[in-house]
Amino acid sequence: MLTKASNDLAKSKQLVGLLKQQIEQGDTELSEELDKANERISMLSEDLSDANARIYVLEVALTQAESDNSDLRAEVSLLHSKADDYEKANALLDIADKAQVDYKTIIEVLLHRKFAHNSDMTNLLNGVLDTSDAEVNEMGLDGLKKKISDAADEALDEKHKDEESKASSAPEQPAVKLPKKTEKEKQESDSQLPRKRYTTTARVLKSFGIDKSDLPENAKVIIRKGKKDMWVVRLFFYQKQEVYCKEYKIARFNVPGSDPQSSKYPQSIIKGNPLMPSFCRFYLESKFAYHLSENRLLDMLSQMGMKVAQSTLNGWMQQIMTYLRERLGPVMLERIRQCVYTQNDESRIVVRSRESKEDKFKYNVEYIHAALSMEAKLCVMEYKEGSRSHSVQEDAIFKDSCIRVFTADRAVLYETIEKDLEEMGLVRTACWFHARHRFVDAYISDHRVRVIILMMNYLFQIERESKIRKHTAKQRRRFRLKYSASIVGKLMKLLKKIKLDSSYGAMVQRAVNYVLDDEKAFKVFLQDGRVEMHNNAVERMFRHLAMGRRNWMHTGSHLGAENIAFMFSLFESCKLNDINFGDYIEDILTRLMEGEQDFMSLIPCNYNSNKKVNVKAA
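Going by UniProt numbering, the sequence shown opens with residue 1, and the numbers climb by one from there.
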């Protein structure tokens, strides 16, 4: 029993020893594996560092590549732009070669807009005459007519086509002289008094005598040729403008047997509106004659000591302008409708408006229509919510009126008016200035149209001659039939020939079609001495409107645009009648404030500054 236990103990000790050996061997292997793992981790760390460094290098390279790519794209875009310019330049050179025009001239025209000012074509063709030229005075109108007629015949003759083409490409061309006066008329003009030399003048408030304070007492004035040797020195001063107000006390009184009553209110244009005629003159003259914006007017008023909100001032002045328009507008329109001949046009204006209070404000390009009668010396401008429709002028100006002839450009609305009112015998005449302008544009690409422009210049020259001679309508008609009719006929033949010639470009054909498509309207002026060749006069009526647009930019409502149209009607009509606009405004507002009822006497063409106020009896 004891022996068995001893054996078991010995086996156990052997087993324990064996286990210890195995544990020691396992620890050694584990330690070796751990060392290997640490070595592997160290190697991987080094590889990771190398990878991060490589990634950084690649990122830097990628950024540089993107930058280089952007630069390359910019260079490519620049090259594309230069290629487009090169193609355009080549196309321009092709046009120049085809039309035998110096390409430098074309480039100079495009860059400097040489032909923007072409009212008399002097910058383009040297086609207007110098009245002091001996050849001009010797030639006379008959010689001029023959010369222009020969030029037209030459253009119509196929034999001279090559010679004309060569002449158009020459660097310098002899100017055709267009005389303004015959020898007899020149002698008559020479006998007239010379024009007064321009001098600077102003209203003299006070004159001072001779100051001898720095001279000896025995000094005497020098006498030359029986006159004192003396002269006048003028010094100019400026008196600051001023705005002031007058206060009136109003009290309420108990009146026995009656309701309480107030004392008398001071007289004003519109009850509740504090602006008097003199202030209205300052505002309206500044805005419409000198084109000042409302902000500048407010600055001026502030410097004069008057503080007022823009909306308040605007509201007051809108009331005044509406007051004037409602009284004088219908009378002016009726006077225009009594005329037989008018010039018509329309122009743009930017209006700030909205359809309802919930909508946002929008800035829209709207239209003002104008009719001018030189016979009545009156201009009327109409605005109907910005519409460019033919119905604006058709209903307000032409329908059931005495107007039988009008001059306008070739806008569609005028052709529609003529068709709609054909039964009343309304005739539309075309504007030769618009036609000539198109041929000036075409001249850049094709010099062969030069003869056409010269023929048109001749027609305008005849009109100037007729005006100088102060012809009546009948005399001007006979004058036109003698000197203009044959040239117009040859001009139309030449245009028809050009239309069939494929060698002329699109710009020339467009100008030709502009005339031929409306040939009848272009010939009306030959048969009616009252009719003008162009509507430049009514277009000039919009000059101040265009200048105003650059300052006050836009109007704030349709009502404002309607009032502006009316005020420019008054302003331009005052210019036609040589009336000072500021004096006129102050005077008619004073008369209306005092109860004037004869509105017809207040419109510019009937205005008399010395007329007494006509108060309608109660």
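Where is the CB? At the ideal position from N, CA and C, for every residue including glycine.
Quantities reported herein were computed from a predicted structural model and do not represent experimental measurements.
Opening and closing residue of the alpha helix (DSSP H) in which residue i lies
i: Lys-523; result: 519 to 523
i: Leu-328; result: 310 to 337
i: Met-547; result: 543 to 552
i: Ala-561; result: 558 to 576
i: Glu-423; result: Premise fails: Glu-423 is in no alpha helix (DSSP H) and is neither H nor E.
i: Arg-296; result: 294 to 303
i: Ala-202; result: Premise fails: Ala-202 is in no alpha helix (DSSP H) and is neither H nor E.
i: Leu-235; result: Segment: none, Leu-235 is in no alpha helix (DSSP H) and carries neither H nor E.
i: Leu-284; result: 277 to 284
i: Ala-537; result: 536 to 540
i: His-390; result: 390 to 393
DSSP three-state assignment for residue i, whether helix, strand or coil
i: Asn-513; result: helix
i: Asp-162; result: Caution applies to Asp-162, whose pLDDT of 49 falls short of 50 and renders its modelled position unreliable; the model cannot decide the point.
i: Arg-410; result: coil
i: Gln-597; result: coil
i: Met-230; result: coil
i: Thr-555; result: strand
i: Ser-267; result: For the sequence presented, residue 267 should be read as Gln rather than Ser. Of the three classes helix, strand and coil, the one that applies to Gln-267 here is coil, per DSSP.
i: Val-243; result: coil
i: Phe-253; result: strand
i: Glu-172; result: Here Glu-172 scores only 47 on pLDDT, less than 50, and its place in the model is too uncertain to base an answer on.
i: Ser-213; result: coil
i: Ser-356; result: coil
i: Gln-527; result: coil
i: Val-57; result: helix
i: Arg-113; result: Because Arg-113 sits at a pLDDT of 44, beneath the cut-off of 50, its placement in the model cannot be relied upon, and the following sentence gives the value as read from the coordinates. If DSSP states are grouped into helix, strand and coil, Arg-113 belongs with coil.
i: Ile-223; result: strand
i: Ser-262; result: strand
i: Val-405; result: strand
i: Glu-135; result: Per-residue confidence for Glu-135 stands at a pLDDT of 47, beneath the threshold of 50, marking its modelled position as unreliable; no derived number is given.
i: Asn-608; result: coil
i: Met-507; result: helix
i: Asp-150; result: helix
i: Ile-417; result: helix
i: Pro-179; result: Only weak support exists for where Pro-179 lies, its pLDDT of 45 falling under 50; the coordinates are left without a value.
i: Tyr-86; result: helix
i: Lys-11; result: helix
i: His-291; result: coil
Boundaries (first-last residue) of the beta strand (DSSP E) holding residue i
i: Lys-362; result: 362 to 373
i: Ser-353; result: 341 to 353
i: Cys-379; result: 378 to 382
Anticipated Cβ contact below 8 Å, residue i with residue j, distance rounded
i: Val-255; j: Met-332; result: With a Cβ gap of about 45 Å, Val-255 and Met-332 do not count as contacting.
i: Leu-328; j: Ile-603; result: 6 Å
i: Phe-79; j: Glu-465; result: Strictly speaking, residue 79 in this sequence is Leu, with Phe absent from that position. Rounded, the Cβ-Cβ distance is 59 Å, inconsistent with contact.
i: Arg-404; j: Gly-425; result: 6 Å
i: Ser-353; j: Asn-364; result: 7 Å
i: Ser-414; j: Asn-314; result: As written in the sequence, residue 414 is Tyr, which differs from the Ser given in the question. Contact doesn't hold; Cβ gap of about 35 Å is too wide.
i: Val-221; j: Lys-228; result: 5 Å
i: Ser-293; j: Asn-551; result: 5 Å
i: Asp-518; j: Arg-410; result: 6 Å
Contact with chain D by residue i, beta-carbon distance below 8 Å
i: Arg-388; result: No chain D appears in the structure shown, which is made up of a single protein chain.
Beta-carbon spacing of residue i, residue j below 8 Å
i: Ala-370; j: Met-541; result: yes
i: Val-340; j: Cys-402; result: yes
i: Leu-372; j: Ala-473; result: no
i: Val-412; j: Val-524; result: no
i: Phe-398; j: Ile-417; result: yes
i: Glu-572; j: Tyr-383; result: no
i: Met-306; j: Val-243; result: yes
i: Leu-284; j: Ile-585; result: yes
i: Ser-445; j: Gly-505; result: yes
i: Met-455; j: Ala-152; result: yes
i: Leu-545; j: Lys-377; result: no
i: Asn-273; j: Gln-319; result: yes
i: Ile-270; j: Pro-277; result: no
i: Val-531; j: Thr-429; result: yes
i: Lys-520; j: Leu-156; result: no
i: Asn-606; j: Met-600; result: yes
i: Gln-267; j: Met-593; result: yes
i: Leu-459; j: Ile-487; result: yes
i: Ala-442; j: Ala-511; result: yes
i: Arg-477; j: Asp-528; result: yes
i: Met-304; j: Gln-239; result: no
i: Leu-494; j: Leu-516; result: no
i: Phe-433; j: His-534; result: yes
i: Tyr-483; j: Ile-452; result: no
i: His-291; j: Met-547; result: yes
>> What ranges does the beta strand (DSSP E) occupy inside the segment 427 to 500, keeping only unbroken runs of at least 3 residues that lie completely in it?
In response: 427 to 429
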